[in-house]
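Numbering (this note's numbering), first residue to last: 47 to 335.
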C-alpha cells in the first residue's frame with residue numbers, strides 16, 4: 047500500500063481528499079496583511095476572501111518551502127510507507143522544486159525511502175482531475191511505480207482552458223505583461239488561455255466579448271476530448287457561477303453524457319486570476335503542444 051499526496055493548488059473539495067485518504071500540504075496566501083493557509087475551505091473562508099478582492103484588495107501567494115515538505119513527507123518515510131506526491135506546475139511556482147529538494151534531504155537519512163514525485167504541469171482542477179484519475183487507478187490496483195509512470199506519460203493530455211474578466215490580476219502575479227493587461231482592458235479583450243508543455247500560462251485566442259470567450263472554452267474542450275461519450279469534466283470558477291453554467295450547458299448540448307462537476311477556484315490560483323475566472327479541465331485525445 048502507498049500514500050497519495052498533493053498540495054492545495056489542486057482546488058478539489060477538502061472532503062473529496064479526506065474521503066479518499068489523500069493528504070495535502072497548504073499553499074500560503076497573504077491578503078490585507080494577514081497570512082493564511084489555503085486548506086481547501088476546511089477552515090479558510092473563501093467567500094470572505096473573494097469579498098476582499100471585490101473591495102479592491104490585491105492578494106499575494108507564497109510557495110511551499112523545503113522545510114514544510116520535509117515535515118509533510120517525513121511521517122510516511124519514518125513508517126516506511128511509499129508516497130506519491132502530485133504537485134503544482136513547476137512552470138507556475140517553485141513549490142515542486144522545494145519538494146524535489148526535500149526528497150533529497152530525506153534520502154540522506156532514509157536512503158531506502160520510496161518518495162515518488164510527479165510535476166503535474168497543471169494548475170487548479172487540471173491538477174485536481176489528474177488526482178481523481180490517480181485515485182481511481184490506485185483503487186483499481188495500479189502500483190506506485192506504474193501510477194508514477196502513467197501520470198508522467200499522460201500529464202500533457204490534460205487540457206486546461208480558461209478565461210478571466212480582469213487581466214490586471216495576471217499582470218500583478220507576473221503572468222502577463224503590463225502592456226498586455228492595459229491593452230486588453232482598454233479593448234475589452236477576454237483572453238482564452240491554456241497551459242503549455244512546460245506548465246506556463248499562455249494566451250491562445252483573444253475574444254472581443256465575454257460570451258465569445260465562454261463559447262471558446264466549451265468548443266475547445268469538446269474538440270479535444272479523449273472520451274467523447276461520458277467524459278469527466280471539471281469546471282472551476284472564482285464567483286462566476288452563471289458563466290460557468292453557460293459553459294456547462296454548451297458542453298452538454300454537444301456531449302449529453304458528460305459528467306461535469308463545478309468547483310471553486312481556491313485562493314492560491316484565485317489570487318492570480320481575480321474574480322470572474324472560468325476554467326474547464328478535461329483529458330484530451332492528444333498531448334497539448
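Positions of the beta carbon are idealized from the N, C-alpha and C atoms, including for glycine.
DSSP places residue 81 in the uninterrupted beta strand (DSSP E) bounded by 80–83. With respect to residue 330, residue 203 sits close: the two C-beta atoms are nearer than 8 Å. Residue 210 is a Cβ neighbour of residue 320, given a cutoff of 8 Å.
Taking a C-beta distance under 8 Å as the contact criterion, residue 70 and residue 172 do not qualify as a contact pair.
In the same chain as residue 194, and ignoring 5 residues on each side of it, the C-beta atoms closer than 8 Å to its own belong to 130, 162 and 164, in chain order. By DSSP's assignment, residue 207 forms a beta bridge with 326.
According to DSSP, residue 307 shares a beta bridge with 280.
Assignment of residue 236 by DSSP, reduced to helix, strand and coil, places it in the strand class.
DSSP places residue 120 inside the alpha helix (DSSP H), whose first and last residues are 112–124.
In this structure residue 236 is buried. Its beta-carbon is surrounded by 16 or more other beta-carbon atoms within 10 angstroms. In this structure, residue 106 sits away from residue 57, with a CB-CB distance that is not shorter than 8 Å. Counting only the Cα atoms, residue 83 lies some 12 Å from residue 95. Shown here for residue 308: same chain residues with a beta carbon closer than 6 Å to its own, the five before and five after excluded, namely 281 and 290 in chain order.
Residue environment for residue 91: exposed (fewer than 16 other C-beta atoms within 10 angstroms of its C-beta). Each residue's CA atom was taken as its position, placing residue 187 and residue 54 some 25 Å apart.
By the 16-neighbour rule on beta-carbons within 10 angstroms, residue 244 is exposed.
Taking the Cα of residue 196 as reference, the smallest distance to any Cα among 264, 286 and 166 is reached at 166.
With fewer than 16 neighbouring CB atoms inside 10 Å of its own CB, residue 47 falls in the exposed class. Under the 8 Å Cβ criterion, the segment 270–286 counts as touching the segment 296–308, having at least three qualifying pairs. The segment 129–144 makes contact with the segment 108–115, as at least three CB pairs between them are under 8 Å. For residue 299, the enclosing alpha helix (DSSP H) covers residues 287–300. Apart from sequence neighbours up to five positions away, the residues of its chain that approach residue 239 with a beta-carbon distance below 8 Å are 207, 208, 209, 210, 247, 248, 249 and 250, ordered along the chain. Only residues of its own chain outside the window of five on either side were considered, and among them 148, 151 and 152 have a CB closer than 8 Å to the CB of residue 116, listed in chain order. Under DSSP, residue 248 takes part in a beta bridge, and its partners are 240. Residue 155 has its alpha-carbon roughly 48 Å from the corresponding atom of residue 102. Approximately 5 Å separates the beta-carbon atoms of residue 181 and residue 66; this is inside 8 Å, confirming the contact.
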